[in-house]
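Below is one structure, written out as structure tokens; the observations come after it.
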Amino acid sequence: MISKLDFVGIPSQDAERSRAFYVETLGLRPDERSRFEVWVGDTCFVIWEPERFGMGFAPQKNGHPALHVDDVAAARAELEAKGVEFVGEILDTGVCHMAFFNDPDGNDLLLHHRYAPHE
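Offset between the sequence shown (1-based) and the working numbering: plus 635.
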């Protein structure tokens, strides 16, 4: 029945600030047709302001979109140099490395690299 993921909604209190973070800080590809859509590979992140639709704002917690990088430590250092603050140290699960952080609205994100082969 469900064949793919169309987009991930990113709630924001300031869409312009969020767009700057996702495009300028994280380096995601902006959409040519929509100002508040950015791309992670084939996945669209849609930045939206819930309060404009009569809904309360709440950051997305514990559903961390895992942003693939080739080297978590190097990507973390690059983002820290841009002012991004991480939560805790790099986690090594025995299968992958992960580094947790938040966007300016408090939405959970993580850098991810799987180093163990898929069986």
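Glycine included, each C-beta is placed from N, C-alpha and C at the ideal position.
Original post:
Around the C-beta of A712, are 16 or more other C-beta atoms found within 10 angstroms, so that it is buried, or is it exposed?
Top reply: exposed
Subject >> Q695 versus R654 - alpha carbon distance >> reply: 16 Å
Subject >> Other residues of its chain near M733: CB distance less than 6 Å, five sequence neighbours each side excluded >> reply: L726, L745, H747
**OP:** Keeping to the same chain, check which residues put their C-beta closer than 6 Å to that of V704; ignore five residues upstream and five downstream.
**Re:** A710, L746, H748
**OP:** Kindly identify the DSSP beta-bridge partner or partners of M733.
**Re:** L726, H747
Subject >> Validate contact between the stretch 715-730 and the stretch 677-694 using beta carbons, cut 8 Å, 3 pairs >> reply: no
Original post:
Under three-state DSSP, which class holds P665?
Top reply: strand
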